[in-house]
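Peer 1: For the sequence shown, this note's numbering assigns the number 3 to the initial residue and increments by one for each residue that follows. Positions of the beta carbon are idealized from the N, C-alpha and C atoms, including for glycine.
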Amino acid sequence: MCYVLSGNDFDFNLIDPECPKLVVVSNAYQIENLISPVISLMLSISSRRFTLANKVPFFYFLDEATTFRIADFEKLPSVLREYLCSFVFLTQSAAKIEKIYGKYDRSSIESNFGNQFFGRTKDIEALKSYPLVFGKEERQRVSKTTGSSRGGENRSRTVSTQKEEIYDTNFFTSLKSGEFVGSAAHSNMRNFHLRFEMYEDKEDPLPIVHPVLASDIEENYQQIIRDIQGIE
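1) Would you kindly work out how many angstroms separate the C-alpha atoms of I33 and V40, rounded to a whole number?
2) Can you tell me whether A67 is buried or exposed? The criterion is at least 16 other CB atoms within 10 Å of its CB, across all chains shown.
3) Please give me, in chain order, every unbroken run of the beta strand (DSSP E) with length at least 3 that falls completely inside the segment 59-93.
4) For E166, write down the residues that DSSP places opposite it in a beta bridge.
5) Classify R228 as helix, strand or coil using the three-state DSSP reduction.
6) Assign R108 to one of three DSSP states: helix, strand, or coil.
7) Buried or exposed: which applies to A216, given that a residue is buried once 16 or more other Cβ atoms fall within 10 Å of its Cβ?
8) Does the pairing of the segment 139-148 with the segment 178-194 give three or more beta-carbon distances under 8 Å?
9) Does the structure place the segment 51-62 close enough to the segment 9-21 that three or more beta carbon pairs sit under 8 Å?
10) Rounding to the nearest angstrom, what Cα-Cα distance links V25 and S38 in this structure?
11) Determine whether the beta carbon atoms of D125 and S88 lie at a separation below 8 Å.
12) DSSP beta-bridge partners for Q118?
13) Using CA coordinates, which residue listed in S48, I219, V27 is at the minimum distance from D65?
14) What is the DSSP secondary structure of L196, reduced to helix, strand or coil?
15) Mapping the DSSP letters down to three states, classify T123 as helix, strand or coil.
16) Using the three-state DSSP reduction, which class does K204 fall into: helix, strand or coil?
17) Looking only at its own chain, which residues have a Cβ that is under 8 Å from the Cβ of F12, when we skip the five neighbours before and after it?
18) Would you call the segment 153-173 and the segment 201-211 in contact, with 3 or more CB pairs under 8 Å?
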């Protein structure tokens with residue numbers, strides 16, 4: 003990562019209409035504390051290049067998005083949508099968002115994402131909030147009673163209407179792998195319930211722009227150290 007970002011052959015303008023770029027950075031548990039701040043910095047810097055003159059549709063796809071913290075992230079999705087930029091934010095639990103960003107910023111982040119998918123969970127706090135997203139609906143309940151007396155057998159049928167949660171907690175604990183319910187904005191389906199098929203595609207090897215030796219990376223690293231030591 004340092005080798006790519008420190009060179010003068012890589013322009014970190016991701017929305018240059020003459021040379022748009024797709025940058026992928028993979029985090030790793032072993033060095034998460036080292037890479038996470040760099041990922042956050044890259045996103046913060048790139049997000050400030052957007053203007054109303056932007057003509058390049060762009061997206062940030064953040065998988066395991068709670069393994070790093072981005073300053074002022076709670077307002078980015080709502081602000082940058084005006085600049086042809088969208089966000090995908092994936093996390094295993096909303097509680098992880100709250101741990102990183104706090105309770106109120108979590109609410110802001112959730113409200114700024116128009117399309118939301120909810121999968122299987124056994125998180126107690128999540129099970130309290132998920133049913134509230136979809137609200138309640140009126141459902142009919144039919145009860146039957148049977149009795150007997152000297153005059154014969156009596157039967158009665160009672161129909162009642164009551165409001166119940168569209169999806170209860172048991173529903174969310176029993177979802178299968180790849181099965182989601184969700185709510186969408188600006189869509190012909192307000193709520194949905196579906197199961198994705200496993201995506202299978204042939205993986206092509208990454209193209210080699212030019213070969214880089216381990217010695218090149220080491221020399222670049224040492225040059226960075228020398229540059230830092232030379233700062234007065």
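Peer 2: With the given structure in hand:
1) 12 Å
2) Buried is the call here.
3) Complete beta strand (DSSP E) runs here, min 3: 60-64, 87-91.
4) E139
5) For R228, the secondary structure class from DSSP, reduced to helix, strand or coil, is helix.
6) Note: R108 maps to helix in three-state DSSP.
7) Counting Cβ neighbours within 10 Å, A216 comes out exposed, since fewer than 16 surround it.
8) no
9) yes
10) 15 Å
11) No, Cβ-Cβ distance for D125 and S88 is not below 8 Å.
12) S185
13) V27
14) strand
15) coil
16) coil
17) V6
18) no
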